[in-house]
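Residue numbers for the sequence shown, in this note's numbering: 20 to 420.
By construction, the Cβ of each residue, glycine as well, lies at the ideal position given by its N, Cα and C atoms.
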Amino acid sequence: MQTVTLIGMGASAATLTAEAREALGRAELVAGAQRLLDALPAGVTAERVPAVRPADILAAVAGAQNAAVLYSGDTGFYSGAAGLLARLKEAGIPARVLPGLSSVQMLAAALGRPWQDWKLVSAHGRPCDPVAAVCGGQPAFFLTGTGESGPAALCAQLAAAGLGALPVTVGENLGLASRRIFAGTAAGAAGERFGPLAVLLAEPAFRLPARTPGWPDETFVRAEGVPMTKRAVRAQVLAQLALCPGETVWDVGAGTGSVSLEMAYANGGAPVWAVERLPEACAVLEENRRRLGGWNVRPVSGEAPAALAGLPAPDAVFIGGTRGRLGPILDAALAANPAVRICLTAIALETLAAALDACTARGLEAEITQIAAAHAAGRPHLLRAENPVFLITATAAKERA
Numbered sequence: 020m021q022t023v024t025l026i027g028m029g030a031s032a033a034t035l036t037a038e039a040r041e042a043l044g045r046a047e048l049v050a051g052a053q054r055l056l057d058a059l060p061a062g063v064t065a066e067r068v069p070a071v072r073p074a075d076i077l078a079a080v081a082g083a084q085n086a087a088v089l090y091s092g093d094t095g096f097y098s099g100a101a102g103l104l105a106r107l108k109e110a111g112i113p114a115r116v117l118p119g120l121s122s123v124q125m126l127a128a129a130l131g132r133p134w135q136d137w138k139l140v141s142a143h144g145r146p147c148d149p150v151a152a153v154c155g156g157q158p159a160f161f162l163t164g165t166g167e168s169g170p171a172a173l174c175a176q177l178a179a180a181g182l183g184a185l186p187v188t189v190g191e192n193l194g195l196a197s198r199r200i201f202a203g204t205a206a207g208a209a210g211e212r213f214g215p216l217a218v219l220l221a222e223p224a225f226r227l228p229a230r231t232p233g234w235p236d237e238t239f240v241r242a243e244g245v246p247m248t249k250r251a252v253r254a255q256v257l258a259q260l261a262l263c264p265g266e267t268v269w270d271v272g273a274g275t276g277s278v279s280l281e282m283a284y285a286n287g288g289a290p291v292w293a294v295e296r297l298p299e300a301c302a303v304l305e306e307n308r309r310r311l312g313g314w315n316v317r318p319v320s321g322e323a324p325a326a327l328a329g330l331p332a333p334d335a336v337f338i339g340g341t342r343g344r345l346g347p348i349l350d351a352a353l354a355a356n357p358a359v360r361i362c363l364t365a366i367a368l369e370t371l372a373a374a375l376d377a378c379t380a381r382g383l384e385a386e387i388t389q390i391a392a393a394h395a396a397g398r399p400h401l402l403r404a405e406n407p408v409f410l411i412t413a414t415a416a417k418e419r420a
């Protein structure tokens, strides 16, 4: 019966397990990347076929009764083995999987540290947001590629987000004689050159402990003339938008950034684009962002809707201020994502009516929530009422049968 053995080679022949060496000794054909084939230990007499893509490997092993396929690192850690296993299963060919040393294990060993609490992220051939990865408060390990997915480029993104002082370690050519360990900061690593066989470890950035929505107003730095959405309203805004981890958000008219920062904690580190026109408000927003660890808040200085051009499509939008431009702002959000969820605030009845008209004119279903808050005002037991605030939550109208 034909059998294909998928082998994790680690970094080189020196890191092959005894079981893997035995399997290679029995194989009549070995397929894999040329670099791995060249690193096979002496004594492996099998035919060697350079192949990387699952389809090419499947074609190479088709006529062999006992074939082996080499993968760098471990077969279960962001490995191409998964794609080949699916193809082999479809073809009805039995497969055996042998693990190898992964790059995360080798870096941890080189540093003399455990790695069970590291966040594991791959930037190799897939989208990667390093800022989101470090927002969880745990060390983030990146399996990197080259160019825009290389360690220097990822560190440049961290530095651009204000995390240039973040401690980072880059492991290059791990398991090889040419091994190099770089230890420094994200800003320093952004200016370095690394080879294609490199991984990155970024230490956790400061971040507040996880908390439910509705942070105390005293959490935020404020300034004269810079508006802030109050606690009771913020909590309800987040409830209405119902953010999920990974969702991109716009905060239009961000003010102090109070809503932006709460959303930044609610969406799992995905970007929150905080658009604000007032320079003094932008300064307060940036101070709050740094004080509270809202590294995934991306401040945008400018006035909507013009400042929204070119931003990534949002899953949700909070509109805290429009200066009479609600219609064009809604148009920009809907053009970017017709299924976007929108929440906006109104205090005056005229603003409420105008918002409902704007939503209806664009085929949106709007729901209104009124928030009335009051606070103790001394003795006897009196209450001081805040102005009622209306929340309008709008989504695309569902098609009716």
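Answer yes or no: the CB of M282 versus the heavy atoms of the ligand FMN, is any distance below 8 Å?
Looking for the ligand FMN in the displayed structure turns up nothing, as the structure carries no ligands at all.
*Rounded to the nearest angstrom, how far is the Cβ of G27 from that of Y90, given a contact under 8 Å?*
Contact annotation, G27 with Y90: C-beta distance approximately 6 Å; criterion of less than 8 Å satisfied.
With a 10 Å radius around its C-beta and 16 neighbouring C-beta atoms as the bar for buried, classify S197 as buried or exposed. exposed
Q) Taking C-beta to C-beta, are L368 and A413 nearer than 9 Å? A) Result no, Cβ atoms of L368 and A413 do not sit closer than 9 Å.
### Message
Output needed for E305: all residues of its chain with C-beta closer than 7 Å, excluding positions within five of it in sequence on either side, in chain order.
### Response
The answer, listed in chain order, is P318.
Grab the span of the beta strand (DSSP E) containing C362 for me, first residue to last. R360 to A365
| Classification of C263 by the beta-carbon crowding that lies within 10 angstroms, buried from 16 upward | exposed
Taking Cβ to Cβ, would you say F96 is nearer than 9 Å to V123?
yes
Exposed unless 16 or more other CB atoms sit within 10 angstroms - verdict on I361: buried
Next on the checklist: Comparing C-alpha positions only, which one of A178, S121 and A142 sits nearest to G164?
Outcome noted: A142
Tell me N85's beta-bridge partners as DSSP assigns them. T22
* Asked: Quick check: the region 388 to 399 against the region 249 to 257, are there 3 or more CB pairs under 8 Å?
  -> yes
* Going by Cα to Cα distance, which pick from L219, M282 and A87 is closest to V2? -> With the chain covering only 20 through 420, there is no way to say anything about residue 2.
Between which residues of its own chain and P186 is the CB-CB distance below 7 Å, once the five residues before and five after are set aside? Closer than 7 Å at the Cβ level, and outside the excluded window around P186, lie T204 and E222.
Alpha-carbon spacing of I411 relative to A380, whole angstroms | 15 Å
E384 and A415: beta carbons closer than 9 Å?
yes
Item checked: Host alpha helix (DSSP H) of R45 (start-end) -> A37 to R45
Check your understanding: Any idea what DSSP makes of L185, helix, strand or coil?
Key -> Looking at L185 - three-state DSSP - the assignment turns out to be coil, as it is neither helix nor strand.
Could you tell me whether the Cβ atoms of L117 and A42 are closer together than 9 Å? yes
State the beta-bridge partners of V268 as determined by DSSP. Note: V268 is bridge-paired with V291 and A335 in the DSSP secondary-structure output.
Where A242 and A206 are concerned, what is the direct C-alpha to C-alpha distance, given to the nearest angstrom?
-> Roughly 31 Å separates the two Cα atoms.
*Between the Cα of G155 and those of A335, A374 and G288, spot the shortest distance and give me the residue it belongs to.*
G288
Cα-Cα separation, A373 to E266
28 Å
Let me check one thing: in DSSP terms, what residues is E66 bridge-paired to?
L48
Practice problem: State whether the region 269 to 289 contacts the region 146 to 161, with contact taken as three or more CB pairs (one from each stretch) at a distance under 8 Å. | Solution: yes
Would you kindly check if the distance between the Cβ of A81 and the Cβ of A70 is under 9 Å? Not in contact: A70 and A81 (Cβ atoms no closer than 9 Å).
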